[in-house]
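All residue numbers for the sequence shown refer to our numbering, where the first residue is 180 and numbers rise by one.
The beta-carbon is built from N, C-alpha and C at its ideal position, and this holds for glycine as well.
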Amino acid sequence: MMLKDFPHAIFREYDIRGLADSEISEDFARNLASAYAQFLPKDNQQAVVVARDVRLSGLKLQQAIMQSLVAQGINVIDIGMLPTPLAYYAVYTLQAAGCIMVTASHNPATYNGFKMMVGKDSFHGEDIQKLKALMLKPALPTQAVEQGSIQSLSVNHHYQTFVSQDCVLARPLKVVIDAGNGPSGLIAAPLYRALGCEVFELYCEPDGTFPNHHPDPTVAANMIDIANKVCEVGADLGIAFDGDGDRIGIVDEQGHMIWGDMLLLLLSRQLLKIHPGATIISEVKSSQLLYDDIAAQGGNAVMWRTGHSPIKAKMKETGALLAGEMSGHFFFADRFFGFDDAVYAGARVMQLLAEQNQPLSSLLSDVPQRVSTPEIRVPCPDVKKFFIVEQAKLHFKEQDCQMIEIDGMRLIFEDGWSLLRASNTQPALVLRYEATDETCLLALQAKLEGWLNQHL
Numbered sequence: 180m181m182l183k184d185f186p187h188a189i190f191r192e193y194d195i196r197g198l199a200d201s202e203i204s205e206d207f208a209r210n211l212a213s214a215y216a217q218f219l220p221k222d223n224q225q226a227v228v229v230a231r232d233v234r235l236s237g238l239k240l241q242q243a244i245m246q247s248l249v250a251q252g253i254n255v256i257d258i259g260m261l262p263t264p265l266a267y268y269a270v271y272t273l274q275a276a277g278c279i280m281v282t283a284s285h286n287p288a289t290y291n292g293f294k295m296m297v298g299k300d301s302f303h304g305e306d307i308q309k310l311k312a313l314m315l316k317p318a319l320p321t322q323a324v325e326q327g328s329i330q331s332l333s334v335n336h337h338y339q340t341f342v343s344q345d346c347v348l349a350r351p352l353k354v355v356i357d358a359g360n361g362p363s364g365l366i367a368a369p370l371y372r373a374l375g376c377e378v379f380e381l382y383c384e385p386d387g388t389f390p391n392h393h394p395d396p397t398v399a400a401n402m403i404d405i406a407n408k409v410c411e412v413g414a415d416l417g418i419a420f421d422g423d424g425d426r427i428g429i430v431d432e433q434g435h436m437i438w439g440d441m442l443l444l445l446l447s448r449q450l451l452k453i454h455p456g457a458t459i460i461s462e463v464k465s466s467q468l469l470y471d472d473i474a475a476q477g478g479n480a481v482m483w484r485t486g487h488s489p490i491k492a493k494m495k496e497t498g499a500l501l502a503g504e505m506s507g508h509f510f511f512a513d514r515f516f517g518f519d520d521a522v523y524a525g526a527r528v529m530q531l532l533a534e535q536n537q538p539l540s541s542l543l544s545d546v547p548q549r550v551s552t553p554e555i556r557v558p559c560p561d562v563k564k565f566f567i568v569e570q571a572k573l574h575f576k577e578q579d580c581q582m583i584e585i586d587g588m589r590l591i592f593e594d595g596w597s598l599l600r601a602s603n604t605q606p607a608l609v610l611r612y613e614a615t616d617e618t619c620l621l622a623l624q625a626k627l628e629g630w631l632n633q634h635l
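And the structure:
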């Protein structure tokens, strides 16, 4: 790939994602693997785990990654086509040097990309920029004196055994799962049956064209089929997965979506019964009701930056046992490894529900009512979006507004809050609002967007 054609914009905060073939080619993958190898310890003797999701471009990119690593003397464990969390699981259980997962998560079928770990640490932020700098150098070492080897290995059975022993259910449940034609159905369906559940499958056949709906369970339109199926068969709940299996979406027995912050509230209550005073982390987009409820249950609530990689790093720093995001990433460190795994999260939600003698829809009945917006994305060029957020901070500080600046700007008012932050994954600004009633919500929205409309 010529330097003038180098796809600078695909190096994101948490991963690398771009158009397959044009931006992410086999040559690009080989170059990336050569650069990644420079991050491993000089005396490294451990293998690197390599896997892919269902995308049509995935196999050739995975092969290019493995060939490049082997050429540099690095041993590879090929675990095949799997959800991203099973690559993480393999790193932890096989004591691997790290992993390269070929995936574009929930992006359209024409995209692909890479998520990585070095050791047990998520590879993100500054590391991704250092990786790009290495890839831009004229030449990287491509040949070792002694080449590495490739070992093909299945971790499916080991993972299923671990989770089925960890998440024993107090009673059998009826569950609908929707894999969105990603790889998660291959893992979730047999696992949930092993837990004693009656499982109804939607779109569990791997298909890299995603023919039925976009594999993003946080978008209500993508949850219509699973909601209808739950109601049709009288299921206790529905569990949907994104394109690479690290994000979850839940519908209750009435087919209503439970948003990420409210799901985390339920999981927090369960955790705090067993681990009083535990630290639980969420992000700046989450409801104030979540943070208030964690505190009321005796927990230590921490608000942090949006993004699975920053959340995982904060969990290690604070010793948090649980974390979650609006986007459906959930992280368990009490009995699990602290990374985001939607299939495991689904098992934990079912375990929570099986302990109750009431339907899922009733478990949030004691939470105060608030009105809120979904995540609102406003197109804004990458070169401008962070500047806009900084200008907004200056303006609202002059208005003496109470402000949280962990990630963008969360304005705190007596009757609610409003959020403005720059997206780390696309050229957009992200807004969200929550208030005591609709009138207050509209007032908050007018206050922030009135300023924003004058500066875009």
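CA-to-CA distance, residue j to residue i, given in whole angstroms
| i | j | result |
| --- | --- | --- |
| T263 | T618 | 42 Å |
| P186 | E202 | 6 Å |
| V378 | G525 | 13 Å |
| H303 | G259 | 23 Å |
| F341 | I585 | 36 Å |
| V412 | A571 | 49 Å |
| S363 | L352 | 19 Å |
| A226 | P385 | 27 Å |
| D513 | D357 | 27 Å |
| L635 | I583 | 22 Å |
| Q548 | L631 | 28 Å |
| A474 | A243 | 49 Å |
| V568 | D184 | 30 Å |
| A275 | M245 | 15 Å |
| G428 | F566 | 33 Å |
| R231 | Q224 | 23 Å |
| C346 | G361 | 23 Å |
| E496 | S447 | 19 Å |
| S675 | L261 | Nothing in the structure corresponds to residue 675, since the chain is present only between 180 and 635. |
First through last residue of the alpha helix (DSSP H) which encompasses residue i
| i | result |
| --- | --- |
| I473 | 467 to 475 |
| V297 | Segment 290 to 297 is the beta strand (DSSP E) holding V297; no alpha helix (DSSP H) there. |
| R527 | 521 to 533 |
| R209 | 205 to 216 |
| N335 | 335 to 345 |
| V409 | 403 to 412 |
Other residues of its chain near residue i: CB distance less than 7 Å, five sequence neighbours each side excluded
| i | result |
| --- | --- |
| F293 | D194, I195, L211, I279, M280, V281 |
| K239 | E205 |
| N335 | I366 |
| K464 | T485, M505, E554, L598, R611 |
| Q217 | L313 |
| L623 | F592, G595, S597, Y612, A614 |
| L532 | L352, D415, L416, L539 |
| L469 | D440, L443, L444, S461 |
| A368 | I356, V378, E380, C383 |
| Y290 | R196, G197, L198, A199, A283 |
| D616 | V550 |
| F515 | Y523 |
For residue i, the first and last residue of its enclosing beta strand (DSSP E)
| i | result |
| --- | --- |
| E325 | Element bounds for E325: n/a, residue is neither H nor E. |
| W630 | Premise fails: W630 lies in the alpha helix (DSSP H), 617 to 634, not in any beta strand (DSSP E). |
| Q308 | Run containing Q308: none in the beta strand (DSSP E); it sits in the alpha helix (DSSP H), 305 to 314. |
| G277 | 277 to 281 |
| L198 | 195 to 198 |
| G453 | According to the sequence as given, residue 453 is Ile; it is not Gly. First-last for I453: 439 to 453, but that is the alpha helix (DSSP H), not the beta strand (DSSP E). |
| D257 | 255 to 260 |
| G595 | 595 to 601 |
| S461 | 458 to 462 |
| L416 | 416 to 420 |
| F511 | 509 to 511 |
| I244 | I244 -> not in any beta strand (DSSP E); alpha helix (DSSP H) instead, spanning 237 to 250. |
| M482 | 479 to 483 |
| I429 | 427 to 430 |
For residue i, the residue or residues it bridges with in DSSP
| i | result |
| --- | --- |
| P558 | A607 |
| F379 | V355 |
| Y371 | None; Y371 has no bridge partner. |
| S301 | M296 |
| I583 | R589 |
Residues near residue i by beta carbon distance below 6 Å, same chain, minus five either side
| i | result |
| --- | --- |
| H285 | P394, D395, D421, G422 |
| K564 | A601, L608 |
| T604 | R191 |
| L219 | A276 |
Same chain, Cβ closer than 8 Å to residue i, five either side skipped, listed in chain order
| i | result |
| --- | --- |
| A373 | Q339, S343 |
| Q308 | F190 |
| P560 | P606 |
| A406 | G417, V430, G434, H435, M436 |
Problem - Touch test, the region 532 to 545 against the region 385 to 392, Cβ-Cβ under 8 Å, three pairs minimum - result: no
Practice task
Indicate whether the contact test is met: 3 or more Cβ pairs, each with one atom in the region 244 to 260 and one in the region 327 to 347, closer than 8 Å.
Solution key: yes
Problem - Segment contact, 8 Å Cβ cut-off, at least three pairs: the region 266 to 279 with the region 455 to 468 - result: no
Practice task
For the region 403 to 418 and the region 464 to 484, state whether three or more C-beta atom pairs, one from each stretch, are separated by less than 8 Å.
Solution key: no
Handout entry: Any 3 or more C-beta pairs closer than 8 Å across the region 482 to 496 and the region 510 to 523
Key = yes
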